[in-house]
Amino acid sequence: MILRSKDVLGLEDLAAEEILGVIDIASRFRAVFDRPVRSVPIMRGRTVVNFFHEPSTRTRISFELAEKRLSADIVNFSTATSSLSKGETLRDTAENLAAMKIDMLVIRHSSSGAARYLANVLACSVINAGDGAHEHPTQGLLDIMTMRQRLGDLRGRKVTIIGDISHSRVARSNIWGLTKLGAEVTVCGPPTMVPTGLDRLGVKVEYDLLRAVKDADALNVLRIQLERHASRSFPSNREYHRMYGISAEVVQKLKPEAFIMHPGPMNRDVEIASEVADGPRQVILDQVANGVAVRMALIYLLSGGDPGALAPAAA
Amino acid sequence: MNFTEKAVIMNAKEMNRALKRMAHEIIEANKGIDNLVLLGVQRRGVSLARMLADAIRQVEGIEVPQGALDITFYRDDLSRLGPSPKVSSTEMPFDVNDKIIILVDDVLYTGRTVRAALDVIMDWGRPQAIRLAVLVDRGHRELPIRPDFVGKNVPTSQREIIKVRVKEFDEKLEVVVGEVGEA
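Sequences listed follow chains A and B, in order. When we follow this note's numbering, the leftmost residue of the first sequence carries the number 5, and every step to the right adds one. When we follow this note's numbering, the leftmost residue of the second sequence carries the number 3, and every step to the right adds one.
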């Protein structure tokens, strides 16, 4: 048994062996994509519900593809088209779904803790597809898988996460996962976007971009959430790009084998220069492919014989 | 649960002899080795496929292409046994279309592994034919599947376990029969 809990809510809850076990299985699923038939029959007859309470393109499609490639039956719904827009509570909606005998619920929600709340009230497995500014475990896992493919063992490897650390669930999941695997994590961003107390998570804080990236093996460049920030945390897109954007000049200062990741969607010429986003150092499309494989692995590994035998995630 | 070994039913010499005979049978049945590929079922089937390829090369002078098959994602007992913690790789270093595939496994029992393996192959393409080679056929089939090439037929009870040991994983070459009981 690789996963100890019936749910995957965050990398904070997973042990290093669980993370490595998921990535190992994911690499087997990744190999399936190169075949003429890109699905396997293992999840036939299982039902997965994708419940997206917040807009998402890539994560939703990635989960949907992962489920289809496992031959699961799937149901998608989002807030706009559900009774949540008629005032039904999250719990009532979820319990009604559970009464229809589903095996797994994938939830994206704007509130931190929504996934854990549902995991505690539902008997089925719950996968967190991003909850508020809390965690985005599948993104963390696909980032780690992408790094391990290039770097192997991450112990002692240097990873720098750049951008809006305060509001980023991607940053949080990366920090939990990477530190558990022994990587040295540095976060970098404008002081208005870096929360205090990060040293308690075992990461280094650096406000100067060049100092933060010069020894890095991998850069994870976060999306600046323009819709959230409209002239609050930094003066302008142009100024952000000048101070913290990954430009061709910054790339020249990196170690020769260092590579650049981005969880998407990109704001070209804000956090990452267009020529870098299309350049030889980025591994963005590889991250996307790994994302489907990691989600397949999680869904497969949560499909235990007897879901009741697995304990709910610790609160 | 521990495994109690009862008897060695094939030693290294007998295994090599059986594989050599099977190699001859495969060459004869296919009138040569044109279009022939060997596909081992992970993990010991892969070792046996390599040994069969060596035996074929000694006769024909040519190395037959070999692949490896993992059937985990095609199992039919997920709801009973749950997910496997370890999955081996599937390696298909050739185009399966129009090939004659010799599927190689260590022990043929219920036939469910072979059923899954056939489905994996079909998802890679449409071979001209698939034949089945097993080192040990122990009976108790639950599906309409029969082997084309057999190293040894071993009547067993369902309580018994047959273990094929290969150099790669077990440091020796032999087939043993035993039983699993409480320690």
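Beta carbons: idealized from backbone N, C-alpha and C, even for Gly. Small disclaimer: the values here were computed from a predicted structure and weren't measured.
Euclidean distance between Cα positions of residue i and residue j
{"i": "E144 of chain B", "j": "N18 of chain B", "result": "29 Å"}
{"i": "R242 of chain A", "j": "K208 of chain A", "result": "26 Å"}
{"i": "E16 of chain B", "j": "L175 of chain B", "result": "10 Å"}
{"i": "G201 of chain A", "j": "D28 of chain A", "result": "33 Å"}
{"i": "S240 of chain A", "j": "D212 of chain A", "result": "18 Å"}
{"i": "S159 of chain B", "j": "I303 of chain A", "result": "37 Å"}
{"i": "C192 of chain A", "j": "G134 of chain A", "result": "22 Å"}
{"i": "D107 of chain A", "j": "G34 of chain B", "result": "51 Å"}
{"i": "R148 of chain B", "j": "D108 of chain B", "result": "14 Å"}
{"i": "A318 of chain A", "j": "S115 of chain A", "result": "Here the model assigns A318 of chain A a pLDDT of 42, short of 50, so the residue's position is not dependable, and the following value carries that caveat. Distance between the alpha carbons of A318 of chain A and S115 of chain A is about 19 Å."}
{"i": "L122 of chain A", "j": "D96 of chain A", "result": "10 Å"}
{"i": "I6 of chain A", "j": "I288 of chain A", "result": "28 Å"}
{"i": "K72 of chain A", "j": "I78 of chain A", "result": "8 Å"}
{"i": "L74 of chain A", "j": "R48 of chain A", "result": "7 Å"}
{"i": "L24 of chain A", "j": "R45 of chain B", "result": "21 Å"}
{"i": "G283 of chain A", "j": "W180 of chain A", "result": "29 Å"}
{"i": "L314 of chain A", "j": "R8 of chain A", "result": "Residue confidence for L314 of chain A is low, a pLDDT of 43 falling below 50, so the modelled location carries little weight and cannot support an answer."}
{"i": "L137 of chain B", "j": "F81 of chain A", "result": "51 Å"}
{"i": "E7 of chain B", "j": "D172 of chain B", "result": "15 Å"}
{"i": "V254 of chain A", "j": "D125 of chain B", "result": "46 Å"}
{"i": "H142 of chain B", "j": "M24 of chain B", "result": "22 Å"}
Simplified DSSP assignment, three categories, for residue i
{"i": "L110 of chain B", "result": "strand"}
{"i": "R246 of chain A", "result": "helix"}
{"i": "L41 of chain B", "result": "strand"}
{"i": "H113 of chain A", "result": "strand"}
{"i": "D203 of chain A", "result": "helix"}
{"i": "D38 of chain A", "result": "coil"}
{"i": "R128 of chain B", "result": "coil"}
{"i": "T164 of chain A", "result": "strand"}
{"i": "E65 of chain B", "result": "coil"}
{"i": "T190 of chain A", "result": "strand"}
{"i": "M17 of chain B", "result": "helix"}
{"i": "E22 of chain A", "result": "helix"}
{"i": "L213 of chain A", "result": "helix"}
{"i": "E27 of chain B", "result": "helix"}
{"i": "T183 of chain A", "result": "helix"}
{"i": "V52 of chain A", "result": "strand"}
{"i": "K218 of chain A", "result": "coil"}
{"i": "N4 of chain B", "result": "strand"}
{"i": "D96 of chain A", "result": "helix"}
{"i": "I303 of chain A", "result": "helix"}
{"i": "H231 of chain A", "result": "Note on residue identity: the sequence assigns Glu, not His, to residue 231 of chain A. It is helical."}
{"i": "E170 of chain B", "result": "helix"}
{"i": "S2 of chain A", "result": "In the structure as shown, chain A begins at 5 and stops at 319. Residue 2 of chain A is therefore absent and cannot be evaluated."}
Short Cβ contact (8 Å threshold) for residue i with residue j
{"i": "L155 of chain A", "j": "V298 of chain A", "result": "no"}
{"i": "A301 of chain A", "j": "V41 of chain A", "result": "no"}
{"i": "D72 of chain B", "j": "S49 of chain B", "result": "no"}
{"i": "R159 of chain A", "j": "G136 of chain A", "result": "no"}
{"i": "A135 of chain B", "j": "F151 of chain B", "result": "yes"}
{"i": "P269 of chain A", "j": "R227 of chain A", "result": "yes"}
{"i": "A222 of chain A", "j": "A262 of chain A", "result": "yes"}
{"i": "D219 of chain A", "j": "K259 of chain A", "result": "yes"}
{"i": "A293 of chain A", "j": "R34 of chain A", "result": "yes"}
{"i": "F5 of chain B", "j": "G153 of chain B", "result": "no"}
{"i": "V189 of chain A", "j": "V163 of chain A", "result": "yes"}
{"i": "A103 of chain A", "j": "I111 of chain A", "result": "no"}
{"i": "Y76 of chain B", "j": "I264 of chain A", "result": "no"}
{"i": "V178 of chain B", "j": "I58 of chain B", "result": "no"}
{"i": "I165 of chain A", "j": "N178 of chain A", "result": "yes"}
{"i": "V98 of chain B", "j": "L105 of chain B", "result": "no"}
{"i": "M66 of chain B", "j": "L41 of chain B", "result": "The identity of residue 66 of chain B in the sequence shown is Val, whereas the question assumes Met. No; because the gap between Cβ atoms is not below 8 Å, this pair is not in contact."}
Classification of residue i by the beta-carbon crowding that lies within 10 angstroms, buried from 16 upward
{"i": "H113 of chain A", "result": "buried"}
{"i": "R215 of chain A", "result": "exposed"}
{"i": "D78 of chain B", "result": "exposed"}
{"i": "F67 of chain A", "result": "buried"}
{"i": "K2 of chain B", "result": "Not covered by the structure: residue 2 of chain B. The range shown for chain B is 3 to 185."}
{"i": "D157 of chain A", "result": "exposed"}
{"i": "T85 of chain A", "result": "exposed"}
{"i": "L230 of chain A", "result": "exposed"}
{"i": "H245 of chain A", "result": "buried"}
{"i": "P129 of chain B", "result": "buried"}
{"i": "N224 of chain A", "result": "buried"}
Chain C contact for residue i (CB, 8 Å cutoff)
{"i": "R143 of chain B", "result": "This model lacks chain C altogether, as its protein chains are A and B."}
Residues that residue i bridges to, as DSSP identifies them
{"i": "G295 of chain A", "result": "According to DSSP, G295 of chain A bridges with nothing at all."}
{"i": "N126 of chain A", "result": "Asn is not the amino acid found at residue 126 of chain A; the sequence shown has Leu there. Note: L126 of chain A sits in no beta bridge, so no partner."}
{"i": "Q286 of chain A", "result": "A:I264"}
{"i": "I35 of chain B", "result": "I35 of chain B pairs with nothing; no bridge assigned."}
{"i": "R152 of chain A", "result": "Bridge partners of R152 of chain A: none, in fact."}
{"i": "F151 of chain B", "result": "B:A135"}
{"i": "I276 of chain A", "result": "A:I250, A:R272"}
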